[in-house]
Amino acid sequence: MSTHVPHLLAGLVDDAAVFPPGSATLPDALAAHRRHRGSWYAELVGPLLVPASAVVSGALAGALGGPAGAAGDPAGPAAPGDDSAGGGLAVGLIGDTGVDGLPAALAALPAGVTARQVEVAVAKRGEDPLPGLTALLGLAGRSGGVAFYAELPLTFGLTGALDAVAAARADGAPVAAKFRTGGLAAELFPTPVELAAVICACRDRELPFKLTAGLHHAVRHRDPETGFTHHGFGNVLAATLAAADGAEVDEVAAVLATTDPVPLVERARAARAADRPLWVGYGSCSITEPLTDLIRLGLVNGGHDVHARQDVGAGQDVDGGRDA
89 MSTHVPHLLA GLVDDAAVFP PGSATLPDAL AAHRRHRGSW YAELVGPLLV PASAVVSGAL
149 AGALGGPAGA AGDPAGPAAP GDDSAGGGLA VGLIGDTGVD GLPAALAALP AGVTARQVEV
209 AVAKRGEDPL PGLTALLGLA GRSGGVAFYA ELPLTFGLTG ALDAVAAARA DGAPVAAKFR
269 TGGLAAELFP TPVELAAVIC ACRDRELPFK LTAGLHHAVR HRDPETGFTH HGFGNVLAAT
329 LAAADGAEVD EVAAVLATTD PVPLVERARA ARAADRPLWV GYGSCSITEP LTDLIRLGLV
389 NGGHDVHARQ DVGAGQDVDG GRDA
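Residue numbers (the numbering used here): 89 to 412.
Next up, the structure:
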């Protein structure tokens, strides 16, 4: 384990470089991902997130240089510590083709590529999530060794869907929840109270969850270009720690709503050696943006390391986007 990245932050940020608004090409994303996985901050970085459509179309195999993902690989040799060493690559499969398209995508993974996790929306906002969730739970029961995340809309039917996921998980299914915390419209950003209620609901069900979209910086802030107020990933981290300690919705909401980094940093520092409760992590188009925020807040020890600064700089040209 790196002395730079505390255990609390291990695997917090999945590499979503190919998704908007970053929209890196697969060859560029693979090259950047290998640099990240071989860097001093590697423990912060989760798997590379890849659309299911890119697997089925053969785009991923092509970017890897062929079915084996080795010869002619545009990403170059795997760096030390990279989980793609020896031609292997661990990915998170994002179900842009829907639940029904996942079996084909899993079957089409190139040799040497393994799916660590599968994430898919089971319903649109306002739709009943249970039919799609039922289909996903059936697939999860037939796919050993892969974690499945059901993206649930924060609208109609959420409580029943959480109950269904929790029940399936209690029966041994490798499933958990996922929620959207941003997007291109204001209604896609849950309020602090709404997000706090979801965090506490997952806590009460012992249900891990992932988040996606909108988590551009560590501390809650307003984007001057869009006018949208974004949740901070540092707020979410502190809020999940508070929830795990027994805080109720109003207290968790207050942590999510604060724009003062001091209490967030204090809570995270106190738990730096602990396992991260509840929150599995989130996908970000940029690895360097959250890393920079964590260094500035003193939660990651990288600010005085010459080699660390060089490694961060090496990824800036490829990975300058925002959260997926």
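Beta carbons: idealized from backbone N, C-alpha and C, even for Gly.
- Counting only residues of its own chain and dropping the five nearest sequence neighbours on each side, V340 has a CB closer than 7 Å to the CB of A284, I287, C288, A327, A330, A331.
- Inclusion of V101 and V133 in the CB contact set at 8 Å is warranted, their separation being smaller than that value.
- Fewer than three pairs of CB atoms, one per stretch, sit closer than 8 Å, so the segment 345-354 makes no contact with the segment 259-274.
- Assignment of alpha helix (DSSP H) within the segment 194-259, counting only whole runs of 4 or more residues, yields 218-228, 246-258 in chain order.
- Under a 10 Å Cβ-count criterion, D348 is classified as exposed, with fewer than 16 other Cβ atoms of the shown protein chains found around its own Cβ.
- One thing to note: V206 has its Cβ within 8 Å of the Cβ of G183.
- Contact fails between the segment 358-371 and the segment 306-316, because fewer than three Cβ pairs, one in each stretch, are under 8 Å apart.
- Per DSSP, T328 lies in no beta strand (DSSP E); the unbroken alpha helix (DSSP H) holding it starts and ends at 321-332.
- Closest by C-alpha distance to R213, out of R268, G260, S145, is R268.
- Residue nearest to P262 within the set E282, A252, P280, F236 is F236 (criterion: CA-CA distance).
- With 16 or more other Cβ atoms inside 10 Å of its own Cβ, E239 counts as buried.
- For the 8 Å CB-CB criterion, N323 and V337 do not form a contact.
- Taking a 10 Å sphere around the C-beta of E131, we find 16 or more other C-beta atoms and assign the residue as buried.
- Around the beta carbon of R122, a 10 Å sphere encloses 16 or more other beta carbons of the protein chains shown; the residue is thus reported as buried.
- In chain order, A341 place their CB closer than 6 Å to the CB of V281, counting only its own chain and leaving out the 5 sequence neighbours on each side.
- With a cutoff of 8 Å on beta-carbon distance, L295 and A265 are scored as near each other.
- Here E313 is exposed: its Cβ has fewer than 16 other Cβ atoms, across all protein chains shown, within 10 Å.
- Annotation: D333 to A196 spans about 43 Å, alpha carbon to alpha carbon.
- Annotation for T300: the continuous beta strand (DSSP E) segment containing it runs 297-300.
- Sequence-distant Cβ neighbours of R293 in its own chain, meaning closer than 7 Å and more than five residues away, are L250, A254.
- In this structure, R360 keeps its C-beta atom at 8 Å or more from the C-beta atom of L190.
- Residue nearest to A105 within the set A228, A301, P217, R357 is A301 (criterion: CA-CA distance).
- The three-state secondary structure of I375, taken from DSSP, is coil.
- Of A151, G220, R357, the smallest CA-CA separation from D188 is found for G220.
- Residues A178 of the same chain have their beta carbon placed closer than 6 Å to that of T202, with the five preceding and five following residues left out of the count.
- Looking at H318, A256, D381, the one whose alpha-carbon comes closest to that of T346 is H318.
- For the set S145, D103, R364, G245, the Cα lying nearest the Cα of L118 is the one of D103.
- The Cβ atoms of P198 and A149 sit closer than 8 Å to each other.
- Excluding five sequence positions before and after L114, the CB atoms of its chain that fall closer than 7 Å to its own CB belong to V106, A142, A147, L148, A151, given in chain order.
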